[in-house]
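Undergrad: Mind looking over this structure? Questions follow.
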Amino acid sequence: MQMQRLVYGPFRSAAGRGPIGSLADHPFLIVIDGLDECEDKDEVEALIDSMLAFFDENPFIPLRVFITSRVEQHIQSRLNVPGVRLENLVDHCSDDDISAFLDVLFQDARRRNPVIQAYVQEHGEWPTPSEKRKLVEHIGGSFIFASAVFKFIMVSDASINHPTTPIDRLPLTLKMNPGLDGLYAQVLARSENIPHFPDIISTIALLEAPLPTSGIAELLGISTHEMIYR
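If you're matching positions, the sequence shown starts at 1 in the UniProt record's numbering and goes up one per residue.
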C-alpha cells in the first residue's frame, strides 16, 4: 500500500530513532482531495481504516491528514470516530449568502433574457420572494448546487419536443433531489433528443483519458460546433 511505504513506514522509522517533533514548527500535512471520487469503496474503507490504526498506534507523530469529500455513507461512517474532526461546509454557508448569490444571477438574467423581460412586464417580479425562498431552502447552502440549478433554469430547450421557459423550469428544480447527481441526471435526460447525444455521452464515459471537445468531435466524425450545440 502506497501510504504504508511512503508515509507510515518512514514516520515510524524516524520515530524509532528519537523524537521527530523538532523536525518542523508545525505538523506535516497530507491532503487527500475528492476521496468520494474513488470508485472502489473497499479501497477507500481500507485506506481510512489503516490511517486510523496508524494514528491510534502513533498518537504523538506530527502528522495530520486533511480529507475533502462529499458526504458518502461509506466514508462518513468510517470517519465518525474520536480523533477525527468533521467539518460540513454547509455549516459555514448561510442562506443569506446563497440568496445574495442568486440575486446577482437572476438580475443579470433579467437584463439579458427577453423571455424573462416580457414575463416581468406582464406578471411582475420574477422569481417571486416566495419562489426564491423555496429555492434557497432547497439548495441547502451549496454554491456548487446553486450554480448548477441556475444553469438548469436558464438553459434553452428550443430543440426539445416540449420547449419550456426559465419560468417553467424553476418549479421543476424544487422537485429534484438536493444533490448534483440528481440534477445532472435530469439535465441529461432532458437532453437525450439532441443530435449525437448518445454517441457523445458514450464516448466521454468510455474514454480512458479525457479528450478536448475537438478531439471527441474528430473521433466521432462530426464538426466541433455540433459538439457544443447546447
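We put the beta carbon where it would ideally sit given N, CA and C, even for glycine.
Find out if the Cβ-Cβ distance for the pair R12, D49 is shorter than 8 Å.
TA: Taking the first residue of the sequence shown as position 1, residue 12 is located at position 12. Taking the first residue of the sequence shown as position 1, residue 49 is located at position 49. Not a contact, by the Cβ cut-off of 8 Å.
Undergrad: Between T165 and V115, what straight-line distance do the alpha-carbon atoms span, to the nearest angstrom?
TA: Numbered from 1 along the sequence shown, position 165 holds the residue referred to as residue 165. Numbered from 1 along the sequence shown, position 115 holds the residue referred to as residue 115. Answer to the nearest angstrom: the Cα atoms are 7 Å apart.
Undergrad: Buried or exposed for Y184, going by 16 or more other Cβ atoms inside 10 Å?
TA: Position 184 of the sequence shown, counted from the first residue, corresponds to residue 184. Result: exposed.
Undergrad: From the DSSP output, in three-state form, read off F66 for me.
TA: The sequence position of residue 66 within the sequence shown is 66, counting from 1. In the structure shown, F66 sits in a strand (DSSP, three-state: E or B).
Undergrad: Check the C-beta distance from E137 over to L170 and give it rounded, since I have them as a contact under 8 Å.
TA: Translated into the one-based positions of the sequence shown, residue 137 becomes position 137. Translated into the one-based positions of the sequence shown, residue 170 becomes position 170. Actually they do not touch by this definition, with Cβ atoms about 14 Å apart.
Undergrad: Which of helix, strand or coil does DSSP assign to I61?
TA: Mapped onto the sequence shown, residue 61 falls at position 61. The answer is coil: DSSP assigns I61 none of H, G, I, E or B.
Undergrad: Buried or exposed for I204, going by 16 or more other Cβ atoms inside 10 Å?
TA: On the sequence shown, residue 204 is found 204 positions in, with the first residue counted as 1. That one is exposed.
Undergrad: Would you report the Cα separation of D103 and R133, rounded to the nearest angstrom?
TA: The residue given as residue 103 occupies position 103 in the sequence shown. The residue given as residue 133 occupies position 133 in the sequence shown. Taking the straight line joining both Cα atoms gives about 11 Å.
Undergrad: Looking only at DSSP bridge pairs, what is V31 linked to?
TA: Start at 1 with the first residue of the sequence shown, and residue 31 comes out as number 31. DSSP, once it has assigned bridges, lists F66 as partnering V31.
Undergrad: Suppose contacts are defined by Cβ-Cβ distances below 8 Å. Is E226 in contact with P195 by that definition?
TA: Walking along the sequence shown from the start, residue 226 turns up at place 226. Walking along the sequence shown from the start, residue 195 turns up at place 195. Yes, the Cβ-Cβ distance between E226 and P195 is below 8 Å.
Undergrad: What would DSSP say about E37, mapped onto helix, strand or coil?
TA: Indexing the sequence shown from 1 puts residue 37 at position 37. Reduced to three states, the DSSP call for E37 is helix.
Undergrad: Output the distance between the C-alpha atoms of E192 and F143, rounded to the nearest integer angstrom.
TA: As a first step, residue 192 is located in the sequence shown; it is residue number 192 there, counting from the start. As a first step, residue 143 is located in the sequence shown; it is residue number 143 there, counting from the start. Their backbone Cα atoms lie some 27 Å apart in a straight line.
Undergrad: Taking only the alpha-carbon atoms, compute the straight-line gap between D25 and P82 and give it to the nearest angstrom.
TA: Residue mapping note: residue 25 aligns to position 25 of the sequence shown, counting from 1. Residue mapping note: residue 82 aligns to position 82 of the sequence shown, counting from 1. Those two C-alpha atoms are separated by around 25 Å.
Undergrad: Out of curiosity, what's the CA-to-CA distance linking residue 236 and G221?
TA: Coverage of the chain is limited to positions 1 through 230, which leaves residue 236 absent and any answer about it impossible.
Undergrad: Find the nearest neighbour of P127 within the set R70, F106 and D56, judged by alpha-carbon distance.
TA: Taking the sequence shown and counting its residues from 1, one reaches residue 127 at position 127. Checked all of R70, F106 and D56; the closest Cα to P127 is F106.
Undergrad: Just confirm the distance between the C-beta atoms of F66 and V31, as a whole number of angstroms; I'd bet it's less than 8 Å.
TA: For the purposes of this step, residue 66 is taken as the residue at position 66 of the sequence shown. For the purposes of this step, residue 31 is taken as the residue at position 31 of the sequence shown. 5 Å between Cβ atoms; contact.
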